[in-house]
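Residue numbers (this note's numbering): 20 to 198.
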């Protein structure tokens, strides 16, 4: 066994032992809220961009790609009112008048299914729901289809603008099996 220490006493030897105060529930919630605020950089984010910034860059790249193919933008980021509704990233119009509801998916790599693997049946139902809501507001029902633009890589980055691979899937799914 070690002999007892006979050094001089510590400067704070007469002070009561420090006991850390446990944070209250509200303090825990505030900490959690500030760490999850929208616009906070995503953990492991590409080149320090926020998730929203990466999504916007992917939508910009998809929009430019579709416009080069001859489609015209009708509306961007159409959302249904209320919770649990849907959102359509891009609503485009073909030259023949067909309305095209486009979902844009971007992933850094093809691992774990890539961008296409993230479009679940629930996501398809929400897109179809938002498209039906949009069509109700139009009053008429032109021919429609649901396309998907898959982007693998990082679009819109200054270091590697051409690193992203864009794949356009026409009529990727239909509304018949959505409800």
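Ideal Cβ placement from N, Cα and C applies to all residues, glycine included.
Please read these numbers as outputs of a predicted model, since none were measured by experiment.
In its chain, beyond the 5 residues on either side, 105, 148, 149 and 152 have a beta carbon closer than 7 Å to the beta carbon of residue 99.
Inclusion of residue 166 and residue 190 in the CB contact set at 8 Å is warranted, their separation being smaller than that value. Just so you know, the alpha carbons of residue 69 and residue 123 end up roughly 17 Å apart. For residue 86, the enclosing alpha helix (DSSP H) covers residues 70-87.
For residue 127, the closest of 188, 102 and 183 by C-alpha to C-alpha distance is 183. Around the beta carbon of residue 103, fewer than 16 other beta carbons lie within 10 angstroms, which makes this residue exposed. Sixteen is the threshold: when 16 or more other Cβ atoms of the shown chains lie within 10 Å of the Cβ of residue 108, as they do, the residue is buried. Nearest Cα to residue 116 within the set 79, 160, 170 and 188: 160.
Counting only runs of 4+ residues, the alpha helix (DSSP H) found wholly inside the region 118-167 occupies 140-157, in chain order.
Between residue 96 and residue 195, the alpha-carbon positions lie close to 23 Å from each other. Judged by DSSP in its simplified three-state form, residue 188 adopts strand. In terms of Cα proximity to residue 192, the closest of 138, 72, 82 and 73 is 138. Residues 105, 107, 120, 122 and 165 of the same chain have their beta carbon placed closer than 7 Å to that of residue 146, with the five preceding and five following residues left out of the count. Of all alpha-carbon atoms in 112, 125 and 185, the one lying nearest the alpha-carbon of residue 89 is that of 112.
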